[in-house]
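Written out below as structure tokens is the structure these notes cover.
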Amino acid sequence: MSSRFSLPPLPKTQALTSSTFKIPPLDGSLSVPELYDWHYCHKTEHPVFVFPGENDQQTIIKWPELVRAIHTGARLLRGLMKAAGNPSVVAIFTTSETFTYFTLIATTFRAGFVPFLISHRNSAEALAFLFAETHVDHVLVDRGTELQEVLRGALRLMQQTYPRAKIPPYSEVPLFEELFRNEDSFRLLPPYRPEMDTLAMILHSSGSTAYPKAIRWTHMQMLQLGFVPFFGERDLTGSRLSCHAMPMSHGTGMMQTVWTASMGIVITAAAPKSPGIPPTPNNVIASAQATSTDIIFCVPMYIETWSHDPRTVDFLSNIDGLLFCGALLNKDIGDTITQKGVSIFNLYGCAEAGIISPIIPRHSGLDWEYFTVSNQMEWRLIPNGLGQSRLAIMPTPYHTPLVVNGKVDGKDATFTDDLFIAHPTKRGYFKLFGRVDDQIEHATGEITNPVPIENLLNQDPHIRASVIFGRGQFNLGVTVDPTQSFDPHDKKQLAEFRDAIWPTIERVNKIAPRHSHLLKEMILVALPTKPLEYTAKNTARRQRIIAHYKAEIDALYQEANRSSLTDLSLDLPQKWDLNSARCFVGTVVKTALGLGTLKDDDDFRHNCDSRQSTLVTNTIVRALRDTTRANTNDIADTLLDHHTSINKLATFCVKFAAKASYLAESVGDYQIIVDNMEEMLERFGSNFTERSGCFTHKGIRSNDDDDVFLVTGTTGFLGATLLGHLLQSKNTRRVYAVNRGDNGGVSLASRQETAFRNLGLSVDLITRDNKLVLVEASISDERAGLTSALIEEIRSSVTHMLLNAWPTDPDIPLQAFEPTLKSIRTLLDIALSSYRPKLPTVMFVSSMEVVSSSQRGTTALELAVNADASTKTGHTQAKWVAESICLNATRTTSLRTRIVRPGRLCGSTNGYWRNPGWIQGIVETSKITGFLPDIGSDKELSWVPVEDASRVILELLEGDQDGIFHLVHPKPVAASLLLRWIASALDIPVIPIQEWLSHSKHIPTDSDMSINPESLDEVQWGPQEVNISQCSRSSATMSRASIRQISEEEVLRWIGRWTK
């Protein structure tokens, strides 16, 4: 009985405009090897391969030539198999380049055998295991000696370890030119019609936790792999996809053999050579350029390397995009190149279920790390109760999972081994969190996800790979494979290496929760005699490495425990009053420092090295955690920097425990938030020191009345606009533009140029008249990364400071803003130490969100507010602290500070808008549904165009009036009017909002939405009643009400930008 299937029609998304490719029958009547013959018989003159040829020409191989090569190889292979006893499973163990490997897979298919694709990175032990498990009948292996030696070792192991297993013979792989002979006497092999439910292909898992597992594909599952692009949002027929960087032995390489046949995508890579040249970032980008590639498919390492080269980034911004998989891409790098016009697409798949994300979405944006599940499959998210979820995939006519390991609602299901975090606002979108079996549970019950930590560590040039360990322990450790191998038994070299990577670990510790911090003594360096194992995707085999290094890891913890206080019989305080806290803290400090006597008020820091400091901090934190119900993760690593004696440390413990008790009594964490805000203000907003007397410094030119500005954050949307206006002003002599350094390796000058181009500002302004001084700063540095010479220049010349820089992540807690607040205090101290007769005027750019917690129905006044009015988010809490620091400086010194609270800023005159948020989301959703919502006539938008906001801010900075200023549009526009303009531009009707919601709720958009459609009513259309009288009196632009109102023409410019 034939196992042919009748499948429902596929979406009509591919080959819509192609004149050279016709979609073959994909209804289950033909298998993939039969599709090859179909294209030959139907004379499909459509490209399959493109590679660089001689004299800068391109070599193009079309379907007829490829099918002839497939049949040539199949005849060769059948001859080998006949001599070897007609086997069925053929293992391909080779480093052959893309096109030869592709043809070998198709050849094995068409010969009627089962190709088993094996990564050349596998060890002899893994090879022996896989051969025995899958009953391999023949092996095709490289002509080189290296892989043949691994293969011979595997066959010897089989005889010893698997004595009943059949030992397969092997042959050398044919070369490209042996397959592509173009013989005149060519004829097709007899038809081959395999049953669709029989074995077609074998792949293997990455083996990151144990030996690789064989993954078996049927002919139906192979055909269904060809359906993947039909459920994407782009017609990819004829598009050139660079697969040069992807291993052909992996599913991401093998899929090319199906997509080319099912929908006519074209594969590009380097020219075929023997032996194959391993892909590198340089040769992959070179072949992509030489072959006019549209999309590059690669792993994140390539993208991270390319991001450092402006010319490569420029090339990438002019192609359709980058498709990546295999690991997490560094978010800072991804965001940076996205902002430079590079489209990034996240392919997620797994060995058990195949490709899960749609290929490819219509748009890319700053949400590039999130993806949704393709409509090809049925799926469900299963929460784990810790904020993450597992993904369950159920079969459909278009997709059959490769492994069934559970049930959902009585249906067979595949549960992925990965965990995901849902997008905060875009329903149906999520990002990878880590593997289920990677999560590390500490002795305290707290959980560490090692993947983000390892990704950050692996950015360090001294580190090839890292593996975090620590299950069942209090502290984490890390095994590091150095890029330059050395013997870690050499204590001098070990200390030098730990010191070299310590700045990276410090950056990690600032981001990670306390229980996930790394200590210097917990860095284990891989031994040259015990090299780490890597998967086919070149990632470290985590569990294998941890098991392999068990003895070294155990010894590391034993040594750490010998110098730890955890084994001491320390009596924890029954209650945290000052006497019991002083007694406990005194015992901890004296024991850690090895001091017999120490007065309670003595500063012990000069007796305390970094290890002892960590020991004291961890012991106290653990005691507080064990005796209270408080979250101790927010206690800073710098605890001993601010509490430098036994008395101060004991006082901290008493206050912390009191807050914890307050929380435990269910009063809520509201007061804790307020206390944290006020504590941070106390830390950064007190003890200002002003210069004494008036004097003239030799660096000051007394006859110079021109203005000199210091502005922070000039590469952002508002900051770049402010800088452009200052550089165009005749009264500006100089501008110090202070910005953070860039981890992605993009220079500040390049970032500033990009910001100007986006806004339509002339890049010539950057170098014109030598007005601009670009300064890369470090907010974590004691002096904000400013050199002594530069600080002297600033003290001598700066007349105005504009503090505009602010972290862009809206979801980080108050504690994460500490470096930013510290840098604000540093700049205020520099202003107070100015050598000029008149101190600089300082303005801080705050936000209307500072008054977002004020009582509704009241008017937000241009006055300072209490902390409890700004508790909504970590962002608003930190803005309140920053405002209060500036106001405290004004109250206690002669420094003049001003606060401006902008509301929502909208696009520039050229239509550029850095973060449109929910309004773009409505547009994108409505373009799909064909409708826009009628939100009623009571909602208004008080958005201010960014150029007008910049003018108002500079007028306030250069004016005479100090105080707090609200910057919102004095003449709001009705939100319903704006949506009618959008409807007219898109030529779609406006319908009642409930109807619109019913149309849109099942359509996850892929724009940078900041709100779900169903949450439209939660949008802050405009702040509550806002008083703007002081801003209107102090700004000519505001007083004349000459701020540009949103118009229909402006809306058209926005939409034009969004739909580019």
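Numbering-wise (this note's numbering), the sequence shown opens with residue 7 and increments by one.
All C-beta atoms, glycine included, are put in the ideal place defined by N, C-alpha and C.
Taking DSSP as the reference, what is the three-state secondary structure of residue i?
i	result
Val-804	coil
Tyr-404	coil
Ile-551	helix
Ile-208	strand
Asp-874	helix
Asn-745	strand
Asp-647	helix
Glu-189	coil
Gln-758	helix
Met-228	helix
Pro-17	coil
Thr-832	helix
Lys-885	helix
Met-849	strand
Pro-458	helix
Glu-384	strand
Could you tell me the alpha carbon to alpha carbon distance between residue i and residue j, rounded to whole angstroms?
i	j	result
Thr-297	Ile-271	14 Å
Leu-82	Pro-121	15 Å
Ala-989	Ser-956	30 Å
Thr-603	Ile-511	34 Å
Glu-684	Ser-255	58 Å
Asp-415	Lys-933	35 Å
Lys-736	Leu-242	53 Å
Pro-389	His-314	38 Å
Met-1015	Arg-920	Note that Met-1015 scores 41 on pLDDT, short of 50, meaning its location in the model is unreliable and no value can be drawn from it.
Leu-599	Gly-730	55 Å
Ile-1049	Ile-997	31 Å
Leu-985	Leu-732	35 Å
Val-714	Ser-802	10 Å
Ala-866	Ala-873	14 Å
Asp-62	Ser-293	11 Å
Thr-151	Gly-282	14 Å
Thr-695	Ile-891	13 Å
Cutting at 6 Å between CB atoms, please list the residues of its own chain near residue i, excluding the five before and the five after it.
i	result
Lys-885	Ser-852, Ser-853 and Val-856
Lys-596	Leu-604
Ile-1061	Ala-991
Gly-592	Ile-652
Ile-67	Val-54 and Phe-55
Val-379	Ile-362 and Trp-385
Gly-725	Gly-719 and Asn-810
Ala-90	For Ala-90, the predicted model reports a pLDDT of 45, less than 50, meaning its position is unreliable; a value from the coordinates is still stated below. These residues qualify, in order along the chain: His-144 and Pro-175.
Ala-629	Leu-578
His-972	Glu-868, Arg-907, Val-1032, Ile-1034 and Cys-1037
Arg-1059	Gly-917
Can you list, in chain order, the residues of its chain with a C-beta nearer than 7 Å to that of residue i? Leave out the 5 residues immediately preceding and following it.
i	result
Ala-1042	Glu-961
Thr-78	Leu-185 and Arg-187
His-210	Ile-124, Leu-136, Pro-218, Lys-219, Ala-220 and Ile-221
Asn-764	Tyr-918
For chain B, is any of its Cβ atoms less than 8 Å away from the one on residue i?
i	result
Tyr-168	The structure shown contains no chain B, having only a single protein chain.
Between which residues of its own chain and residue i is the CB-CB distance below 8 Å, once the five residues before and five after are set aside?
i	result
Gln-465	Glu-310, Asn-336, Thr-510 and Asn-749
Pro-1010	Summary for Pro-1010: the model assigns pLDDT 47, below 50, so the residue's position carries little reliability, and this model does not support an answer.
Met-849	His-806, Met-807, Leu-808, Leu-809, Thr-903, Arg-904, Ile-905, Val-906, Ile-959, Leu-962 and Leu-963
Phe-426	Leu-387, Gln-394, Ser-395, Arg-396, Leu-397, Phe-436, Lys-437, Leu-438 and Phe-439
Ile-551	Val-473, Thr-485, Leu-538 and Glu-539
> Hey, which unbroken runs of the beta strand (DSSP E) at 3 residues or more fall wholly within the region 284 to 345?
Replying inline: 301 to 304 and 327 to 330
> Contact between the region 346 to 363 and the region 317 to 332: three or more CB pairs below 8 Å?
Replying inline: yes
>> Restricting to runs no shorter than 3 residues, where is the beta strand (DSSP E) found entirely within the region 482 to 523?
In response: 483 to 488
>> Could you check whether the region 277 to 285 touches the region 93 to 106, counting it as contact only if at least three pairs of C-beta atoms, one from each stretch, sit closer than 8 Å?
In response: yes
>> Contact between the region 889 to 897 and the region 834 to 854 is defined here as three or more beta-carbon pairs at a separation below 8 Å; is this criterion met?
In response: yes
> Does the pairing of the region 226 to 234 with the region 31 to 39 give three or more beta-carbon distances under 8 Å?
Replying inline: yes
> So does the region 150 to 162 actually touch the region 189 to 201, counting three or more Cβ pairs closer than 8 Å?
Replying inline: no
> Which runs of the beta strand (DSSP E), 3 residues or longer, sit entirely within the region 951 to 976?
Replying inline: 969 to 973
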